[in-house]
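In our numbering, each number is its position in the sequence shown, counted from 1, plus 2. All residues carry an ideal CB built from backbone N, CA and C; glycine is no exception. Owing to the predicted nature of the structure, the values given are computational and were not obtained by experimental measurement.
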Amino acid sequence: MMPAAESIIELARWFKAARNVVVLTGAGMSAQSGIPTFRDAHNGLWSRFDPEDLATERAYRQDKALVWGWYVWRMAMVRAAQPHAGHVALAELAAAKPGLLIVTQNVDDLHERAGAKDVVHLHGSLFASRCFACGRLHGDVYLPPEAAQKPLLRLMPPRCVHCGGHVRPGVVWFGETMPQLAWRKAERCAGECDLLIAVGTSALVHPAASLPDVARRRGAKVVEINPFRTPLSDQADLSLRVTAGEALCGLRAAMEA
Ligand code: OAD
3 MMPAAESIIE LARWFKAARN VVVLTGAGMS AQSGIPTFRD AHNGLWSRFD
53 PEDLATERAY RQDKALVWGW YVWRMAMVRA AQPHAGHVAL AELAAAKPGL
103 LIVTQNVDDL HERAGAKDVV HLHGSLFASR CFACGRLHGD VYLPPEAAQK
153 PLLRLMPPRC VHCGGHVRPG VVWFGETMPQ LAWRKAERCA GECDLLIAVG
203 TSALVHPAAS LPDVARRRGA KVVEINPFRT PLSDQADLSL RVTAGEALCG
253 LRAAMEA
């Protein structure tokens with residue numbers, strides 16, 4: 003494997019030459035802002051909590067207070083977090099390259115708060131709660147001051163102002179389909195890009211995990227940024243074993259050089 007500095011220079015060469023670029027981000031992108039990933043062995047959400055109890059429609063129907071409280075905890079955690087230097091570097095790279103699209107599996111708003119425009123959210127957003135009954139969007143959610151410290155805070159969801167139904171988080175749960183407009187745009191852009199950079203994703207959850215393959219089959223180069231190996235590592239043209247922050251700040255610096 004190439005040393006990180008050389009890999010970043012190679013990535014910068016491909017980035018400069020590419021007209022269209024897709025940057026696919028996962029939970030590892032937000033990890034340096036203090037947001038836990040899902041599959042980290044110690045701190046990952048799915049190693050501490052059972053998704054069947056918290057991230058399915060059945061779980062919500064069975065125990066709304068448990069599910070809503072858990073998402074309020076996650077909302078409060080994200081509100082208290084700040085985008086890191088890698089988020090800012092990526093937003094600046096995107097601003098300088100009109101053909102760059104950020105596609106994220108993350109349900110936080112750290113890309114946007116770092117200045118990125120037009121981010122495609124494949125798995126919805128923590129901050130787009132909607133009515134479980136009529137589907138209409140709900141406004142701001144009340145986050146109790148202690149919420150960021152209490153993952154298992156029990157809290158009944160608010161009621162919809164239109165129909166009185168209960169409000170649900172605006173994320174995609176297991177067993178649900180992704181927002182179709184977002185998916186179609188991501189799939190189309192992956193098929194048209196010259197370079198796809200996958201940052202901080204375990205590349206295990208489909209269909210998002212199929213986007214690098216869509217790009218590769220159409221002749222694009224695929225680059226992975228992840229401190230650990232994933233199923234994508236062997237297929238990628240370049241796999242950088244560094245953090246999102248290090249790689250994206252390095253790429254921006256190489257572009258300015
Ligand atoms: P995972 O938790 O599965 O994977 C996170 C990846 O980030 C791992 O491969 C880590 O090695 C890597 N990582 C950790 N720290 C990093 C850092 N500082 N820089 C770069 N990479 C780092 O998260 P996702 O792949 O995003 O779905 O998971 C995909 C989906 O599974 C999520 O969107 C979520 C979950 O169930 C929904 O909520 C619908």
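Residue nearest to residue i in terms of C-alpha spacing, selected from the options
i, options, result
"Tyr144", "Val122, Val169, Leu197 and Arg138", "Val169"
"Gly264", "Phe230, Gln237, Gly36 and Pro147", "With the chain represented from 3 up to 259, any question about residue 264 goes unanswered, as that position is not in the structure."
"Leu206", "Thr232, Glu194, Ala188 and Val224", "Thr232"
"Gln182", "Gly193, Asp52, His125 and Ala14", "His125"
"Ala83", "Asp65, Ala20 and Gln151", "Gln151"
"Phe51", "Gly36, Val69 and Arg60", "Val69"
"Pro171", "Cys133, Ala91 and Ala14", "Cys133"
"Asn261", "Ala97, Arg156 and Gly247", "The structure shown does not extend to residue 261, since the chain is modelled only from 3 to 259, so the question has no answer here."
"Leu157", "Phe17, His140 and Lys66", "Lys66"
"Val90", "Ala222, Arg81, Ala43 and Gln34", "Gln34"
With 16 other Cβ atoms within 10 Å as the buried cut-off, status of residue i
i, result
"Ala217", "buried"
"Asp111", "buried"
"Arg76", "buried"
"Gln107", "buried"
"Leu95", "buried"
"Ser32", "buried"
"Leu154", "exposed"
"Ala210", "buried"
"Lys223", "buried"
Whether residue i touches residue j by CB criterion (9 Å)
i, j, result
"Thr27", "Ser204", "no"
"Tyr62", "Leu128", "no"
"Ala116", "Ala93", "yes"
"Ala87", "Cys195", "no"
"Ala20", "Gly137", "no"
"Ala188", "Val105", "yes"
Stretch pair the region 160-168 + the region 111-124: three plus CB contacts closer than 8 Å: With a cut-off of 8 Å, the region 111-124 and the region 160-168 do not count as touching, because too few Cβ pairs lie within range.
Touch test, the region 13-24 against the region 199-213, Cβ-Cβ under 8 Å, three pairs minimum: Touching, per the Cβ criterion.
Stretch pair the region 206-217 + the region 51-62: three plus CB contacts closer than 8 Å: When C-beta atoms of the region 206-217 are compared with those of the region 51-62, fewer than three pairs fall below 8 Å, so the two segments do not count as touching.
Cβ contact (3+ pairs, closer than 8 Å) linking the region 5-22 and the region 230-250: With contact defined as three or more Cβ pairs closer than 8 Å, the region 5-22 and the region 230-250 are in contact.
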